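Here's the structure, in structure tokens; my notes come after.
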Amino acid sequence: MNLTVVLNEPQDLVNIAAAVRAMANMGLARLAVVNPREFDAWRITGIAHRTDHIVDAVARVDSLDEALADATFVVGTSARARTAQRNYSRPRELAPRILRHARKGGVAIVFGREDRGLSNDALDRCHEVMVIPTTPEYSSLNLGQAVLLVAYELFLAGAGETGSLPVGKRSLGPATADELEEMYAALEAGLERIDFFKARKAESVMRTLRTAFGRTTLDAHEARLLASIGYQVRNRLERITRKGDSPS
Ligand code: SAH
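In structure tokens:
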């Protein structure tokens with residue numbers, strides 16, 4: 046299955062081992078680790094026995110963007126809703142959608158560090174933010190246990206599947222995180238150029254766009270079209286300004 050568990054800056058090796066064990070229990074195999082405080086394959090497999098197939102294949106990367114570059118559906122996880130409006134969902138509802146996405150593109154499920162969780166910036170990279178239900182008084186789960194609960198829901202959601210369904214031939218697959226980042230950058234540059242941010246905060250406008258587009262799965266063609274709109278606005282205004290005309 047094209048599904049990667051991403052641990053962003055895990056601080057405790059024991060939690061990496063717990064996550065690996067949970068993945069082995071529930072049949073997930075791909076793990077990416079972003080800037081771990083410590084990583085020692087020997088110690089991890091010493092805690093989580095018979096998980097060499099996962100640990101030997103771990104992708105160790107320096108940035109979250111690197112871990113997400115090929116993903117077409119990015120799911121964050123968080124214990125609590127922050128102030129920003131995002132696409133929040135429960136693992137049970139989201140699991141079937143995640144499995145469907147994993148059949149046609151790469152899915153990344155991102156877990157935050159033990160002391161701070163995921164930053165707003167990291168959550169901005171996510172199409173959906175999954176919140177595991179808990180009592181409101183104590184909502185923060187241990188990292189390894191959060192991975193277990195998510196992997197368990199995916200396992201249950203997949204249990205009813207008998208082989209994969211036929212997939213219609215699409216000329217273009219879903220846009221990757223890289224393509225989406227390029228699109229947002231182009232749109233932001235275009236909006237900047239028409240002074241859209243004079244009266245509005247760029248950060249919150251861009252976040253609202255991310256939230257809205259995050260609800261749909263843009264394919265590569267659609268992402269490129271939106272990026273072109275941004276580029277065209279910028280280029281056109283640059284041409285007009287160069288001629289000395291007023292861009293009105
Ligand atoms: N103090 C941090 C908690 C981090 S717990 C905070 O309040 O954000 C470490 C990670 O475990 C989180 O980043 C998230 O990936 C996962 N996690 C913990 N509790 C969770 C919950 N209730 N739902 C979803 N993910 C959770």
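The opening residue of the sequence shown carries number 46 in my numbering; numbering runs sequentially from there.
C-beta atoms are modelled at their ideal positions from N, C-alpha and C, and glycine is treated no differently.
These numbers were taken from a predicted model, which means no experiment stands behind them.
Query raised in the report: So, is residue 121 buried or exposed, given that buried needs 16 or more other C-beta atoms within 10 angstroms?
Result: buried
Report task. Taking residue 97 as the reference, give the member of 156, 85, 197, 130 with the closest Cα. Result -> 85
Query raised in the report: Straight-line CA distance for residue 199 to residue 279?
Result: Rounded to whole angstroms, residue 199 to residue 279 spans 43 Å at the Cα level.
Query - Extent of the continuous beta strand (DSSP E) to which residue 58 belongs - result: Segment 58-71 is the alpha helix (DSSP H) holding residue 58; no beta strand (DSSP E) there.
Requested in this report: State buried or exposed for residue 128, treating a residue as buried only when at least 16 other CB atoms are found within 10 Å of its CB.
Outcome: exposed
**Report entry** Terminal residues of the alpha helix (DSSP H) in which residue 193 lies
**Finding:** 188-204 is the extent of the alpha helix (DSSP H) around residue 193.
Requested in this report: Between the Cα of residue 201 and those of 87, 70, 253, 153, spot the shortest distance and give me the residue it belongs to.
Outcome: Per the Cα distances, 70.
Query raised in the report: By the 10 Å Cβ neighbour count, where 16 or more other Cβ atoms means buried, how is residue 83 classified, buried or exposed?
Result: Of the residues assessed, residue 83 falls on the exposed side of the cut-off, its CB having fewer than 16 other CB atoms within 10 angstroms.
Query raised in the report: What span of residues does the alpha helix (DSSP H) with residue 228 cover, start to end?
Result: 222-238
Query raised in the report: Roughly how many angstroms separate the alpha carbons of residue 93 and residue 192, rounded to a whole number?
Result: 14 Å
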